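Everything on this sheet refers to the single structure shown next.
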Amino acid sequence: MNTSTDKKTIIIADTQFLTTESLRTLFLSSGYGVDTVTGRQELFKYLDEHEVSLVVTDYILFDFRSIKDLRELGERPSAPPILVLCNAISRMQIRELDQAGIRNIALKTDDRTELLHAVTAALKGKKAYSGSVLDLLLKQDGPVEDACLLTSSEIDIVRLISSGLSTKEIAARKHISFHTVTTHRKNIFRKLGVSSSPELMMFAIKAGLIDNIEYHI
């Protein structure tokens, strides 16, 4: 176990030996402290006893009972950020993870640069999906041309939502009422055929309304 106080410590929660050892080598060579666990109870016990900067886990193969365990993990006092790293993932699973508060997702097939970018983003508290995860999300319905259905005010609101502002903050920024922003938001969702903020963000990226993959929800 790493005991250095000047390194950020990553805990790898995975049951695959080759994956665990490969990640350990990658993270150590990048200057991080690393430790590993192979079970849910071991992970929670480790977090109770040690200061951890980031949890990297394959929630599908790890022995989490359900996605609720991930939510509880993220809601613990002083909980570290969580990077979900799995072999494959569906759009529905991505949405479920987002609803559980998981802000960072990458695939085990991503290259070294993508993986380290995912780690860096998570450590900085930024929401970031790797390129392969974004590509999967961008396959959803909604042609780029549909952006033409939006007014300039609605496009501005899409960008403000993408920057992480709440409805109240958007109202203050644009000097309009909370109700007006809510109405704009409903109209945007209806015009684009989306039903959630994650879907709106993916549409905005695909339509070229925003160009930063480290967006906020």
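Residue numbers (the numbering used here): 567 to 783.
Quick reminder that beta carbons are idealized off the backbone N, C-alpha and C, glycines included.
Here the structure is a predicted model, which is why all the values come from computation and not from measurement.
Residues that residue i bridges to, as DSSP identifies them
| i | result |
| --- | --- |
| residue 664 | Residue 664 is not bridged to any residue. |
| residue 648 | 621 |
| residue 518 | The requested residue 518 is not part of the displayed model; the chain covers only 567 to 783. |
| residue 575 | 599 |
Endpoints, the beta strand (DSSP E) within which residue i is located
| i | result |
| --- | --- |
| residue 601 | 599 to 603 |
| residue 733 | Not the beta strand (DSSP E): residue 733 falls in the alpha helix (DSSP H), residues 733 to 740. |
Contact under 8 Å by Cβ, residue i with residue j
| i | j | result |
| --- | --- | --- |
| residue 699 | residue 660 | yes |
| residue 600 | residue 593 | yes |
| residue 667 | residue 637 | yes |
| residue 645 | residue 670 | no |
| residue 632 | residue 574 | no |
| residue 757 | residue 716 | yes |
Through-space distance from residue j to residue i, alpha-carbon basis
| i | j | result |
| --- | --- | --- |
| residue 613 | residue 607 | 10 Å |
| residue 727 | residue 764 | 10 Å |
| residue 788 | residue 771 | Here the chain covers residues 567 to 783 and nothing more, so residue 788 does not appear. |
| residue 783 | residue 676 | Because the pLDDT of residue 783 is 44, which lies under 50, any placement of that residue in the model is unreliable, and the number read from its coordinates should be weighed accordingly. Roughly 23 Å between the two C-alpha positions. |
| residue 682 | residue 581 | 21 Å |
| residue 630 | residue 754 | 37 Å |
| residue 657 | residue 768 | 11 Å |
| residue 624 | residue 653 | 8 Å |
| residue 738 | residue 585 | 47 Å |
| residue 591 | residue 597 | 10 Å |
| residue 578 | residue 766 | 32 Å |
| residue 719 | residue 655 | 35 Å |
| residue 664 | residue 723 | 21 Å |
| residue 649 | residue 684 | 8 Å |
| residue 686 | residue 609 | 21 Å |
| residue 704 | residue 695 | 12 Å |
| residue 679 | residue 743 | 43 Å |
| residue 651 | residue 690 | 17 Å |
| residue 617 | residue 736 | 36 Å |
| residue 673 | residue 752 | 33 Å |
| residue 775 | residue 611 | 44 Å |
| residue 697 | residue 634 | 26 Å |
| residue 746 | residue 662 | 29 Å |
| residue 615 | residue 640 | 16 Å |
| residue 605 | residue 589 | 17 Å |
Exposed unless 16 or more other CB atoms sit within 10 angstroms - verdict on residue i
| i | result |
| --- | --- |
| residue 734 | exposed |
| residue 521 | The chain is shown only over 567 to 783; residue 521 falls outside these bounds and no answer can be derived. |
| residue 628 | buried |
| residue 576 | buried |
| residue 583 | exposed |
| residue 693 | buried |
| residue 741 | exposed |
Beta carbon proximity, residue i to chain D, threshold 8 Å
| i | result |
| --- | --- |
| residue 582 | No chain D is present in this structure, which holds just one protein chain. |
Endpoints, the alpha helix (DSSP H) within which residue i is located
| i | result |
| --- | --- |
| residue 642 | Per DSSP, residue 642 belongs to no alpha helix (DSSP H) and is neither H nor E. |
| residue 616 | Here residue 616 belongs to no alpha helix (DSSP H), and DSSP marks it neither H nor E. |
| residue 719 | 718 to 728 |
| residue 763 | 763 to 772 |
| residue 748 | 744 to 758 |
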